[in-house]
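These notes concern the structure reproduced below.
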Amino acid sequence: MIEDDGRRGRAVGRPRSFPISLQSMQPTLTITTEPLDDLRRKFVLDREIAPRSARKFRDGDDVADVPVAAAVLAVPGVCEVVVAGGAVTVVQDGSCSWAGLEPQVRYALERAAAVPAVVASTSATDDDDEMYDVVQDLFRVEINPAVAQHGGRVDLLDVQDGTVVVRMMGGCQGCGMATVTLRQGIEATLKRRLPAVKGVKDVTDHSSGANPYFSASTK
């Protein structure tokens with residue numbers, strides 16, 4: 001049963017089945033921009049986040065194997081992305097200004113380029129209670145410090161049959177980039193570090209968000 005305080009009611013001090021280790025955080029991502037024309041803008045990162053050979057993706061393409069393309073194409077108003085090493089050329093559909101779009105693209109790039117600071121043991125099983133313990137540490141050490149930079153918080157509520165149940169708060173609640181945070185940030189991190197995780201379920205009432213970091217819009 002999901003409890004409002006996000007705890008599953010296990011005894012304090014229960015030994016964890018999966019040891020975790022802490023790694024140094026990656027330095028803050030530096031991004032510079034180069035306007036190409038009214039609809040195209042090039043974002044140059046200080047590190048490579050994709051193969052150097054250029055690949056073009058359009059809205060609706062299968063981008064499951066290219067996290068940076070998936071993250072940027074999830075931004076409302078973006079219709080095409082060209083990815084090559086540390087350079088990402090973004091094409092918008094003309095429905096919005098770059099003044100409003102650029103911060104969202106930067107946010108998507110940061111999420112896609114983020115490297116987890118917590119590494120779970122590869123011996124992880126699919127036991128929900130044990131998985132909860134590891135996921136809770138990932139939230140505490142890496143995920144929530146990252147979303148806190150944008151005034152948000154993500155509460156871990158439960159793990160049900162391998163699916164992590166969360167509730168987004170603060171700047172994440174009702175945010176127009178909540179899907180990017182959820183899929184390209186939280187879910188990608190958990191699956192990369194804990195392969196037994198099947199997915200992430202968001203039970204947030206986003207319509208009640210009082211102070212979203214990005215205003216909600218329709219893709």
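Counting in our numbering, the sequence shown runs from 1 upward without gaps. Here a beta-carbon is modelled for each residue, glycine too, at the ideal position from N, C-alpha and C.
Mind pulling the beta strand (DSSP E) runs of 3 or more residues that sit fully within the segment 78-165? Listed in chain order, they are 78-84, 87-92, 118-120, 152-160.
Would F43 and V88 be called neighbours here (beta carbons separated by less than 8 Å)? Result yes, Cβ atoms of F43 and V88 sit closer than 8 Å.
Proximal residues to D202 (C-beta, below 7 Å), its chain only, five neighbours per side dropped: If you ignore the 5 residues before and after D202, its C-beta comes within less than 7 Å of the C-beta of V166, M168, L182, all in its own chain and listed in chain order.
Could you check where the beta strand (DSSP E) with K220 kicks off and where it finishes? Any property of residue 220 remains undetermined from this structure, which presents the chain solely from 1 to 219.
So, at 8 Å on beta carbons, what are the nonlocal neighbours of S208 in its own chain, with the 5 sequence-adjacent residues on each side left out? Same-chain partners within the cutoff: Q173, G174.
Alpha carbon to alpha carbon, what distance is there between E110 and T64? It is Ala, not Thr, that sits at residue 64 in the sequence shown. Going by the C-alpha atoms only, they are around 17 Å apart.
I'd like to know if the segment 152-159 and the segment 80-95 are in contact, where contact means that at least 3 CB-CB pairs between them fall below 8 Å. Here the segment 152-159 makes no contact with the segment 80-95; the two share fewer than three CB pairs at distances below 8 Å.
Helix, strand or coil: which one does DSSP assign to T33? Of the three classes helix, strand and coil, the one that applies to T33 here is strand, per DSSP.
In the structure shown, what three-state DSSP assignment does L190 receive? In the three-state DSSP reduction, L190 falls in the helix class (H, G or I).
What do you get for D133, buried or exposed, if any count of 16 or more other CB atoms within 10 angstroms of its CB means buried? Residue environment analysis places D133 among the buried positions, since at least 16 neighbouring C-beta atoms fall within 10 angstroms of its C-beta.
Where G209 falls: helix, strand or coil (DSSP): Coil at G209, not helix or strand.
Label A70 either buried or exposed according to how many other C-beta atoms from any shown protein chain fall within 10 Å of its C-beta, with 16 as the threshold for buried. The residue in question, A70, is buried, as its Cβ has 16 or more Cβ neighbours within 10 Å.
Where do the ends of the beta strand (DSSP E) carrying V44 lie? Residues 40-45.
Which of helix, strand or coil DSSP assigns to R183: Annotated three-state conformation of R183 is helix, per DSSP.
Let me know the secondary structure DSSP gives V66 once reduced to three states. Residue state, collapsed to three classes: coil.
Find out if the Cβ-Cβ distance for the pair G170, R153 is shorter than 8 Å. Closer than 8 Å, so yes.
Integer Cβ distance of V105 from V75, believed to fall under 8 Å: That pair is a contact at about 6 Å.
Going by beta carbon distance, what residues of the same chain come within less than 7 Å of K191, once the five residues before and after it are set aside? Closer than 7 Å at Cβ, skipping near neighbours: V197.
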